[in-house]
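Trainee:
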Amino acid sequence: MKHQEIFDFVITKLAKQRAISMNNDGACLYRKNKKANCKTKCAVGWLIKDEFYDPIMDAVKEDNTGILYNDAAQKALRKSGIRVDIDFLADLQNAHDLTTQQTLAGIKQNWKIAFTHFAEMYSLKTDVLNKAFK
Numbered sequence: 000m001k002h003q004e005i006f007d008f009v010i011t012k013l014a015k016q017r018a019i020s021m022n023n024d025g026a027c028l029y030r031k032n033k034k035a036n037c038k039t040k041c042a043v044g045w046l047i048k049d050e051f052y053d054p055i056m057d058a059v060k061e062d063n064t065g066i067l068y069n070d071a072a073q074k075a076l077r078k079s080g081i082r083v084d085i086d087f088l089a090d091l092q093n094a095h096d097l098t099t100q101q102t103l104a105g106i107k108q109n110w111k112i113a114f115t116h117f118a119e120m121y122s123l124k125t126d127v128l129n130k131a132f133k
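The sequence shown begins at 0 in numbering that gives the first Met the number 0 and counts up by one.
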């Protein structure tokens with residue numbers, strides 16, 4: 000998948016989901032219930048096929064950062080056919096996670112703003128945002 004395809008796919012999934020994938024401590028998770036078939040996923044979690052998900056990927060580091068950089072997650076992404084630079088995925092994840100943690104009440108509008116900024120950083124088309132977050 001190319002950057003635009005990943006962006007469009009993730010935005011579409013998150014807009015339909017309209018929920019966050021977070022544990023009780025406020026840390027974002029690839030899968031909310033740590034099960035492969037979970038329907039509540041984080042931005043990058045939607046890119047990992049169920050058969051390649053492993054709960055070890057959701058092991059949160061002490062400082063609650065760098066979860067995307069663990070070996071299990073990178074391996075699952077590769078097996079899922081995702082072959083883009085890790086910085087793109089980290090920025091995509093951050094646009095989702097940081098906005099989610101700011102406020103849950105205005106999540107729809109906050110996601111639209113954050114993902115618009117992300118799209119501008121990577122010169123992506125934003126048509127999907129207008130459809131997803133009307």
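In this text, a Cβ means the ideal position worked out from N, Cα and C, and glycines have one as well.
Could you round the C-beta distance between I81 and L46 to whole angstroms and report it? I think they count as a contact, below 8 Å.
Mentor: So it is a contact: roughly 5 Å between Cβ atoms.
Trainee: Does H116 pass the burial test, meaning 16 or more other C-beta atoms within 10 Å, or should it be called exposed?
Mentor: Burial call: exposed.
Trainee: With the cut-off set at 9 Å, would you say Y29 and A72 are in Cβ contact?
Mentor: Yes. Within cutoff.
Trainee: Check whether the Cβ atoms of A11 and A94 sit closer than 9 Å, and answer yes or no.
Mentor: Here the sequence assigns Thr to residue 11, which means Ala is not the residue at that position. No. Outside cutoff.
Trainee: With DSSP collapsed to three states, give me the class of K130.
Mentor: Three-state DSSP puts K130 in a helix.
Trainee: Is K40 helix, strand or coil by DSSP?
Mentor: If DSSP states are grouped into helix, strand and coil, K40 belongs with the strands.
Trainee: Pull up the distance between the alpha-carbon of N129 and that of L91, whole angstroms please.
Mentor: If I take the Cα positions, the gap works out to 18 Å.
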